[in-house]
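One line per chain: the protein sequences are V and X, in this order.
For the first sequence, this note's numbering gives the first residue as 1, with consecutive numbering after it.
For the second sequence, this note's numbering gives the first residue as 234, with consecutive numbering after it.
Glycine residues also receive a C-beta, built at the ideal position from the N, C-alpha and C atoms.
In what follows, a structure is listed as structure tokens, so that the remarks can point back to it.
2 protein chains.
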Amino acid sequence: MSNRLHPLEFRHVTRRIPQARDRGIPDATVARLPLYLRALNGLAERGTPTVSSEDLAAAAGVNSAKLRKDLSHLGSYGTRGVGYDVQYLIYQISRELGLTQDWAVAIVGVGNLGRALANYGGFVSRGFRIAGLLDGDPQVVGDRIAGLTVEHADELETVIKRRGVSIVVIATPASAAQQVCDRVIEAGVTSILNFAPVVLSVPDGVDVRKVDLSIELQILAFHEQRKADGVVM
Amino acid sequence: MSNRLHPLEFRHVTRRIPQARDRGIPDATVARLPLYLRALNGLAERGTPTVSSEDLAAAAGVNSAKLRKDLSHLGSYGTRGVGYDVQYLIYQISRELGLTQDWAVAIVGVGNLGRALANYGGFVSRGFRIAGLLDGDPQVVGDRIAGLTVEHADELETVIKRRGVSIVVIATPASAAQQVCDRVIEAGVTSILNFAPVVLSVPDGVDVRKVDLSIELQILAFHEQRKADGVVM
DNA sequence: GTGCCTTTGTGAAGGCATGCACAAAGTCGG
DNA sequence: CCGACTTTGTGCATGCCTTCACAAAGGCAC
């Protein structure tokens, strides 16, 4: 028996690596940029011309040093003694996040959640255009939702290729999710937002983000129980 | 990701206190427990009696060492050479998360998202009971959704107190969220799941978790843009 | 131009999470 | 009852993230 490293032990290392070759922005930072963007848009609406890291941090609910470090990854866009120009920073963050371009999104699965997503204003207002709604249920196909007609899931590949869809939202039941996932990847999609309560298995190079509504509630329940147990708060 | 401190409050640290007979389970672990639970339920349905950390980790999509370390925080529930008893582990994790008790949840805001949440099966099946649906729009009040009648938001305090609601889901427009938040806290609620795109300001001792659908899309767009820019993957 | 005041950008330290590697512990066939 | 085998639980090293603290930079008043 060898006590050296097994040469084949990198099966589980296939995870996406944040790797710093270019301007490698830390994942934690990327996840907060949308937060800053939202706060900035709020300030812009009120006509605020500039904002300090302290104030912006408060509006976004983070520590100001963290905010400054996050922004420093994008470049040096602040002015010492003054703060950040709101409009300019909005543009820079948007550009970094890729929101200055138009993204075509398809939603697969038009149940309650799919409908809610289709009608959700937060997408359209940020450069995401819903280019297709698809469902496997003939009962639902043909419905008009948010200005779009629901198409049959058979059309998935066609819709993706014809309309240049690059991001797919999976809002199907758990049982259909992996199959849909495989098909959209086969059709060339490499970014997936998954609402189905399953772990999707995907090849390298494909990004999957998962939103699980019940997990959040379970985490809350954990903390709520802690409080009730008489733990010193 | 969690109840963050307000930037101006970090002098008097009232942070989560790990002391007290220290069963202090790391936040990162708590966030994964629901994942393990789901994987275990899948195994239980197929009648699997025991599972190794390797297999369970694969089903949950995590590293097996991480899984073992996570579980070790709950206690020593595995058997060396064999693995974990599926049913027993389900029970232990459920208990730790507080899912063995019944949680009354109220959903405020019955738009598209609120309706989707009310109909979402993942809640009920995990010990969460929807005890109230409320909305400020008289047009919506009286609608029957998921077996419940929508009540007017004026009833918020009454509903919370009479029905023992301990977790509130805010699915209102951004403009109403803070007001709803203040009211439910005043009524004694200390756990809030917020879908409105605003940073809620709450006193210490109140847990807020936030789900923002558009943030996830923006993070995907960031990575998608990176790929398109010809970055080496 | 000078000096003061504000605020950024970042070096450094500490904390937390991750994943490897292995000893300890338990099973199982014979 | 024993020895081989499997798998857990964990010490440890590593790296990322957060936060503090401060020097450097720029604005502004005069």
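I want to know whether the stretch 82-101 of chain V touches the stretch 112-122 of chain V - three or more CB-CB distances under 8 Å.
no
Could you check the C-alpha separation between L71/V and A264/X for me, to the nearest Å?
27 Å
Assuming V413/X contacts I403/X (C-beta within less than 8 Å), just tell me the rounded distance between them.
Your pair V413/X and I403/X checks out as a contact, with CB atoms roughly 6 Å apart and the cut at 8 Å.
Going straight from the alpha carbon of S191/V to that of L133/V, what length do you get?
Rounded to the nearest whole angstrom, the CA to CA distance from S191/V to L133/V is 17 Å.
Taking a contact to mean a Cβ-Cβ separation below 8 Å, would you say L300/X touches Y269/X in this structure?
yes
Is A264/X close to chain V? Criterion is C-beta to C-beta, closer than 8 Å.
yes
Mark R362/X as exposed unless 16 or more other C-beta atoms lie within 10 angstroms of its C-beta, in which case mark it buried.
Counting other Cβ atoms within 10 Å of its Cβ, R362/X stays below 16 and is therefore classed as exposed.
For H152/V, I'd like the list of residues in its chain whose CB is within less than 8 Å of its CB, leaving aside the five on either flank, ordered along the chain.
Only L134, D135, G136, P138 and V141 meet the Cβ criterion.
Quick one: which chain V residues come within Cβ less than 8 Å of T281/X?
The premise fails here: T281/X is roughly 17 Å from chain V at the closest Cβ pair, so nothing lies under 8 Å.
Exposed or buried, what is Q225/V when buried is set at 16 or more other beta-carbons lying within 10 Å of its beta-carbon?
buried
Give the DSSP-derived three-state secondary structure of H306/X in the structure shown.
Three-state DSSP puts H306/X in coil, outside helix and strand.
The alpha helix (DSSP H) spanning A146/V covers which residue range?
Careful: A146/V lies outside any alpha helix (DSSP H) and carries neither H nor E.
Once the 5 residues before and after P430/X are set aside, which same chain residues still bring their CB inside 8 Å of it?
A407, D445 and S447
For L332/X, does the three-state DSSP call read helix, strand or coil?
In the structure shown, L332/X falls within a coil segment according to DSSP collapsed to helix, strand and coil.
Would the beta-carbon of A277/X be found less than 7 Å away from any heavy atom of the ligand SAM?
This structure lacks the ligand SAM, and indeed carries no ligand of any kind.
Just how far apart, CA to CA, sit V401/X and R442/X?
11 Å
Indicate the three-state DSSP secondary structure (helix, strand or coil) for D440/X in the structure shown.
strand
Locate the beta strand (DSSP E) running through Y353/X, then write down its first and last residues.
For Y353/X, no beta strand (DSSP E) segment is defined, and its DSSP state is neither H nor E.
Could you tell me the distance, in whole angstroms, from the CA atom of L33/V to the CA atom of G344/X?
Taking the straight line from one Cα to the other gives about 27 Å.
Can you look up N274/X in the DSSP assignment and give me helix, strand or coil?
Residue state, collapsed to three classes: helix.
According to DSSP, N112/V sits in a beta bridge with which residue or residues?
According to DSSP, N112/V bridges with nothing at all.
Between V439/X and I418/X, is the Cβ-Cβ spacing less than 8 Å?
yes
Once DSSP output is grouped into helix, strand and coil, what is the label at V251/V?
Outside the modelled stretch of chain V, which goes from 1 to 233, sits residue 251/V, for which no answer is possible.
With 16 other CB atoms within 10 Å as the buried threshold, where does S281/V fall?
Given that chain V is displayed from residue 1 to residue 233, the structure contains no residue 281/V and the question cannot be resolved.
Pick out whichever of V82/V, E45/V, N41/V and A28/V has its Cα sitting closest to the Cα of S53/V.
V82/V
What three-state label does DSSP hand D260/X in the structure shown?
helix
Which value, in whole angstroms, describes the spacing of the CA atoms of V62/V and D154/V?
45 Å
Quick one: list the residues of chain X neighbouring A221/V, beta-carbon separation under 8 Å, in chain order.
At a C-beta separation below 8 Å, A221/V has these neighbours in chain X: L330, G331, L332, W336, G360, F361, I400 and S424.
Between N194/V and E449/X, what straight-line distance do the alpha-carbon atoms span, to the nearest angstrom?
10 Å
Which word fits T262/X, buried or exposed, when buried means at least 16 other C-beta atoms lie within 10 angstroms of its C-beta?
buried
Which stretch, first to last residue, makes up the beta strand (DSSP E) that contains R183/V?
Where R183/V is concerned, there is no enclosing beta strand (DSSP E), although the alpha helix (DSSP H) it sits in stretches over A174 to E186.
From the DSSP output, read off the bridge partner residues of L133/V.
I107/V
Decide if F222/V is buried, meaning its Cβ has at least 16 other Cβ atoms within 10 Å, or exposed.
buried
Interface residues of chain V around V444/X at Cβ under 8 Å?
V211, L213 and E216
Can V341/X and A277/X be called in contact, C-beta distance under 8 Å?
no
Any idea what DSSP makes of L450/X, helix, strand or coil?
helix
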